[in-house]
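Visitor: Oh and the sequence shown: position 141 is 141 in UniProt numbering, straight run, nothing missing.
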Amino acid sequence: MMMDQVFCKYVTTLLINFTVATCMFLIMVSKCITVAADVSVRRPIKPAQRKQEDTASNQKGPKMIDSSLSAKKGSGSSSKLQDKKGSKKFEQEQANQKSPSTVRPATSYHSRRNGDGTVGLTAIGTAETKTDEWEKAKLASIREEYQKMIETIAEWENEKKVKAKRQKEQKEKELDQKRAKALEAYKQEIARINKIAGGARSMAEERKYNDEKKIKEKANKRRSTEKAPRTCACF
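(1) Between Ile65 and the rest of its own chain, which residues show a CB-CB distance below 6 angstroms, the 5 nearest in sequence each way excluded?
(2) Using only the alpha-carbon positions, how far apart do Ile12 and Thr22 sit?
(3) Please report the distance separating the alpha-carbon of Lys208 from that of Lys221.
(4) Tell me the DSSP secondary structure of Glu144 in three-state form.
(5) Could you check the C-alpha separation between Arg201 and Ile190 for me, to the nearest Å?
Okay, here's the thing in C-alpha cells:
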C-alpha cells in the first residue's frame, strides 16, 4: 500500500511538472509571435527609400510651381499685349523698340573696381608671378633639403662599411695569429711526444739487451757446471 501511494504521488508530480512546462512553452511562443507581428507592422522605411521619396517630392514641387508661374506670366503678358495694341502707347513703344538702343557696355569686375581692365589683368599677373616664385622657392628648398639628407645617408653608409671592413680585417688578422700560435703549439707538442716516445723506446731496447745478456751469461754458466750423462756398461 505504501509503495502504491508513493508511486501515485510520483506520477501526479510528473504530470503537474509537464503541464507547467507546456504552459510556459505556449506562453513563450505566443510572445514571440506577437513580437514578430509588431516588428513586421512597424518595419522602418529604409534611408534609400526616404531619400528617393524626398527627391521625388522636391522635384515635383518646383515643377508644379514653375508651371503655375509660367501660366500666370503668360496670361498676364497676353492681357497686357491686348490692352496695349488698342492704345497709342503701344505704337510708341513699338517704335522705340525698333530704334537702336544706346546701351552702355558692361565692364568686368576688375575694370569697374580699378577703372581699367588692363590694371586688373596686371594685378592678376603679378599675383600669379608671386605664387610661381613662392612655389619655386619652396620646391628648391625641399630639393636642397632632400639632397642634404641623401648626402648624409651616403656618408653614414660609407663610414659604416669602412668600419665593418676594418673590423673584419682585424678579426681575420687575429684569427691568423691564433692559427699560427695553434700550429706552433701543435708542433711543439708533437716534438715533445716524439722525444718522450723515443727515449722510452731506447730505454726499452737497452733493458731488453741487458736482460738478454744476463740470461745468456747464466745459461753459459749452467752449461759449464753441468756433468755429462752416465752411460750404462751392461752391453
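Ideal placement from N, C-alpha and C gives every residue a C-beta, glycine not left out.
Guide: On the basis of the data shown:
(1) As a working note, residue 65 is residue 65 in the sequence shown. Residue placement at Ile65 is poorly supported in this model, since its pLDDT is 45, which falls under 50; the coordinates are not used for a value here.
(2) Position 12 of the sequence shown, counted from the start, is the residue given in the question as residue 12. Position 22 of the sequence shown, counted from the start, is the residue given in the question as residue 22. According to the sequence shown, residue 12 is Thr rather than Ile. So the alpha carbons of these two residues sit roughly 15 angstroms apart.
(3) Translated into the one-based positions of the sequence shown, residue 208 becomes position 208. Translated into the one-based positions of the sequence shown, residue 221 becomes position 221. Their backbone Cα atoms lie some 20 angstroms apart in a straight line.
(4) Along the sequence shown, one-based indexing puts residue 144 at 144. In the structure shown, Glu144 sits in a helix (DSSP, three-state: H, G or I).
(5) Position 201 of the sequence shown, counting from 1, holds the residue named residue 201. Position 190 of the sequence shown, counting from 1, holds the residue named residue 190. Whole-angstrom Cα-Cα distance: 16 angstroms.
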